[in-house]
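Working notes for the structure below.
Chains as they are written, first to last, in this note's numbering: chain A, 1031 to 1443; chain B, 389 to 536.
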């Protein structure tokens, strides 16, 4: 690999032990990816700071770097922690787990990360601009920032993100490069009426189908209404990255690298054409919706973290009603959005409905089955995929309005 | 009993030398959610090798599947000493290779990982003993043969 003089100095240890460590990993991995040189990057989103996922080895990694004196050299945001950092006791997180999470948080904070603790860093700052070279981990965030914003990150995972943050470099390859960002498969939505504008639950199903059918190939989707919301594209990103390896998609007329089908395909012919009909999405729903009856006992919203507009929509759907006794309704979001909700009074409104809002964390790390819950209602294709295996719960899938009804009635039809 | 010895070329992904009984599958392996690092056992119910212990074996599989957190599972296995002696793949999987790289830095123990051609991959079978030398780029295969 060709390195600049400065990069060579970093690798040699002249700029400190931690930078040399990061550089060694970045260059080794870059060589495996077939990159010939490195590029400077301007922002990082670090995954792997959740103790339940990273384990003791992940904690060893973070604490070793912290001891070496590692510091991030570009603005770096953090993915979810294993706990609601301020309110973990209220959510029955065991002391031992909380302590390991605290050590993990402390190690990363010592490196100078921004404590965002969110899986949806694109909902709050700092945001990269179109075309900016960045290193983001967390699959839903990668798909969203590449596709909806047009900043450029490859599909990165745990640890390499940290190495990029302390060196400010990434291998030059993959989705960093224009030629690898063009669409490969033309996906046409056919036979849909108004429902693509009214039923937001379709986008999680569409994402799930795309991930399943395409693996890591890049789709160009035509037929999505131009007024599709960012929340819908967030749902699509998360579901596609959970069912497959969707890291980039184009929506014609909507996403910035897809003003037209031709431009989205980079002037080439599609390698494959796929038609998606309402029936296919119904089949995906039947697969995700594992609950047999209509009873649900826990509702979880905010995978990825709830946006301000989603919280607004949920409150409107609740229409002053309260969560039914014996039913729990959890909403997961980040502190920036929570701050906005507090400022406008929506937070008070949410609390009055009996909903419990958690920040900094993710429901997938909570032992819901052990707490006695059986059936989870959610609007998230990603939750729906993981809840049966990771949480041991049946799933009822529906949009935010349906989830609000489920919270009030304990049933989802 | 005769032992047939054959030598094959391999490309290094991560450094080291490891030897053990071959555990071979044609299906990709999922590490995060598919492997129990505490016991070194495959727990992916959909996988043919479910229930098999990988510790100390040479794990031969085409490539890794699933979450990028798979590298963390490998680090955890190396930390606990339940890791395989070596891993042989067809497709290079940088995300998985990061596991042994970091484990080497953290725990000073190597887990050599190499790729081989599909033809070489197809040669290996259960019962072989494999000596994987990632540094020299070769695999020595000892196969129990019939007496001539």
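Glycine residues also receive a C-beta, built at the ideal position from the N, C-alpha and C atoms. Just so we're clear, the structure is a prediction, and the values are computed from it rather than from any experiment.
- The beta carbon of residue 1084 of chain A falls within 8 Å of a beta carbon belonging to chain B, placing the residue at that interface.
- Taking C-alpha positions only, residue 516 of chain B is separated from residue 1089 of chain A by approximately 37 Å.
- Annotation: Cβ neighbours of residue 482 of chain B in chain A (cutoff 8 Å, chain order): 1059, 1062, 1063.
- Shortest Cα-Cα distance from residue 1228 of chain A to any of A/1200, A/1257, A/1211, A/1203 involves A/1257.
- Our two residues, residue 1407 of chain A and residue 497 of chain B, have alpha carbons roughly 45 Å apart in a direct line.
- Judged by DSSP secondary structure, residue 1170 of chain A falls outside any beta strand (DSSP E) and instead within the alpha helix (DSSP H) spanning 1169-1174.
- Check the Cα spacing between residue 522 of chain B and each of B/442, B/494, B/475: the tightest is with B/475.
- Every beta strand (DSSP E) stretch that sits fully inside the region 1047-1090 of chain A and reaches 3 residues is listed by chain position as 1068-1070, 1074-1076.
- By the C-beta density criterion, residue 1109 of chain A is buried, having at least 16 other C-beta atoms within 10 angstroms.
- Secondary structure note for residue 462 of chain B: it is in no beta strand (DSSP E), and the uninterrupted alpha helix (DSSP H) holding it is 458-468.
- Within the same chain, and ignoring the five residues on either side of residue 528 of chain B in sequence, the residues whose Cβ sits closer than 6 Å to its Cβ are 395, 519.
- Cβ atoms of residue 1171 of chain A and residue 1152 of chain A come within 8 Å of each other, at about 6 Å.
- Residue pairing of residue 529 of chain B in beta bridges, as defined by DSSP: B/394, B/518.
- Put simply, the backbone Cα of residue 512 of chain B is about 46 Å away from that of residue 1405 of chain A.
- Linking residue 1304 of chain A to residue 1100 of chain A through their CA atoms gives a straight-line distance of about 47 Å.
- For the options B/439, B/443, B/438, the alpha carbon positioned closest to that of residue 499 of chain B is the one of B/443.
- DSSP places residue 1335 of chain A in the coil class of the three-state scheme, outside both helix and strand.
- Contact annotation, residue 1252 of chain A with residue 1219 of chain A: C-beta distance approximately 7 Å; criterion of less than 8 Å satisfied.
- Leaving aside the five residues that flank residue 526 of chain B on each side, the residues in its chain whose CB is nearer than 7 Å to its CB run, in chain order, 395, 396, 397, 398.
- For residue 1087 of chain A, a Cβ of chain B is located within less than 8 Å of the residue's own Cβ.
- For residue 1362 of chain A, DSSP records a beta bridge to A/1388.
- Setting aside the 5 residues that flank it on each side, residue 1033 of chain A is surrounded in the same chain by 1041, 1057, 1067, 1068, each with a C-beta closer than 8 Å to its C-beta; the list follows chain order.
- Non-local beta-carbon contacts of residue 483 of chain B in its own chain, meaning distances under 8 Å to residues more than five positions away in sequence, involve 452, 456, 458, 459 in chain order.
- Remark: C-beta atoms of residue 1203 of chain A and residue 1286 of chain A do not approach each other more closely than 8 Å.
- Secondary structure at residue 1381 of chain A: helix, using DSSP grouped into helix, strand and coil.
- Within the same chain, 1235, 1427 come within 7 Å of residue 1315 of chain A by CB-CB distance, once the 5 residues on both sides are set aside.
- Chain order gives no chain A residues near residue 505 of chain B, where near means a beta carbon separation below 9 Å; the closest approach is about 17 Å.
- Between the alpha carbons of residue 1340 of chain A and residue 1262 of chain A lies a distance of about 10 Å.
- The three-state secondary structure of residue 1116 of chain A, taken from DSSP, is coil.
- Taken atom to atom, the span from the alpha-carbon of residue 1082 of chain A to that of residue 1112 of chain A is near 6 Å.
- Within the region 1180-1192 of chain A, 1187, 1188, 1189, 1190 place their CB atoms closer than 7 Å to a CB of chain B, listed in sequence order.
- Here the region 1189-1201 of chain A lies against the region 1060-1080 of chain A, with 3 or more beta-carbon pairs under 8 Å apart.
- Among the CB atoms of chain B, none fall inside 8 Å of the CB of residue 1154 of chain A.
- Interface with chain A (8 Å Cβ-Cβ cutoff): residue 409 of chain B is excluded.
- About 7 Å separates the CB atoms of residue 446 of chain B and residue 409 of chain B; that is less than 8 Å, so the two are in contact.
- With contacts defined by Cβ atoms closer than 8 Å, residue 1230 of chain A and residue 1049 of chain A do not form a contacting pair.
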